[in-house]
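In the numbering used here, the protein residues as written are 91 to 317.
See below:
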């Protein structure tokens, strides 16, 4: 079945309104400079057996409401669709965290999904220096358009790495997302996982500037500033 790199057995923050388990799937097509899950970028053997995870979920069915497929990039693995269906058939609600790179697989997954967390990293034209992959920004926006056409609840989130993002860029991105119809947006503080020269002030500027926060908040129904 799917290659799993880790599991969180209980969370209240990764699937809004649900007690959930998070399954971290291996593999990702992007190479984001700020990636915090580099150990999940490649598929390799681990101690996480899918059948054992299914057995765990069967035991927790009266405690948990949902299962989140995260990564890495969960939709990179071809077997993710049957894995989602298997979990759905167990009575769980299903969510996915995705960067939107695999549009066709997202389309297959939509009928099984109850919630989506979509990463939009920056303006589409500015994606390549951050991800290293051509057209990755275009794919993300195309996936957003697909989600907007569905009835699946979702959130867009952006990690505020000051090496690539300014408040001006984020405001332009927020305006783009708002015009497309996004209602729920989250800005996430960048946490340095590798050596870099960013300062605390640079990383926190997006979260202490009240005028900037007010401008972003005015564009959406809800905005979450996550630190």
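Built from N, CA and C at the ideal position, the CB exists for glycine as well.
Close beta carbons around residue i, own chain, < 8 Å, minus the five adjacent residues each side
i, result
"residue 117", "93, 130, 131, 132, 133, 161, 162, 163, 166 and 167"
"residue 215", "227"
"residue 257", "295, 296, 299 and 302"
Under 8 Å between C-beta atoms of residue i and residue j
i, j, result
"residue 120", "residue 223", "yes"
"residue 236", "residue 197", "yes"
"residue 185", "residue 203", "yes"
"residue 275", "residue 267", "yes"
"residue 253", "residue 299", "no"
"residue 296", "residue 260", "yes"
"residue 95", "residue 128", "no"
"residue 187", "residue 207", "yes"
"residue 190", "residue 126", "no"
"residue 205", "residue 106", "yes"
"residue 246", "residue 272", "yes"
"residue 309", "residue 265", "yes"
"residue 221", "residue 115", "no"
Which residues DSSP lists as bridging residue i, in chain order
i, result
"residue 250", "279"
"residue 312", "274"
"residue 206", "186 and 244"
"residue 115", "94"
"residue 110", "101 and 156"
Status (buried if at least 16 other CB within 10 Å, exposed otherwise) for residue i
i, result
"residue 110", "buried"
"residue 183", "buried"
"residue 195", "buried"
"residue 241", "exposed"
"residue 238", "exposed"
"residue 170", "buried"
"residue 146", "exposed"
"residue 311", "exposed"
"residue 158", "buried"
"residue 304", "exposed"
"residue 337", "The displayed coordinates of the chain run from 91 to 317. Any statement about residue 337 would go beyond what the structure contains."
Close-in-space but distant-in-sequence residues of the same chain around residue i (CB under 6 Å, 5 per side omitted)
i, result
"residue 263", "213"
"residue 243", "205"
"residue 178", "184 and 202"
"residue 173", "91 and 92"
"residue 313", "275, 306 and 307"
"residue 317", "279 and 297"
Same chain only: Cβ atoms within 7 Å of residue i, ignoring 5 sequence neighbours per side
i, result
"residue 98", "111 and 112"
"residue 200", "240 and 242"
"residue 102", "109"
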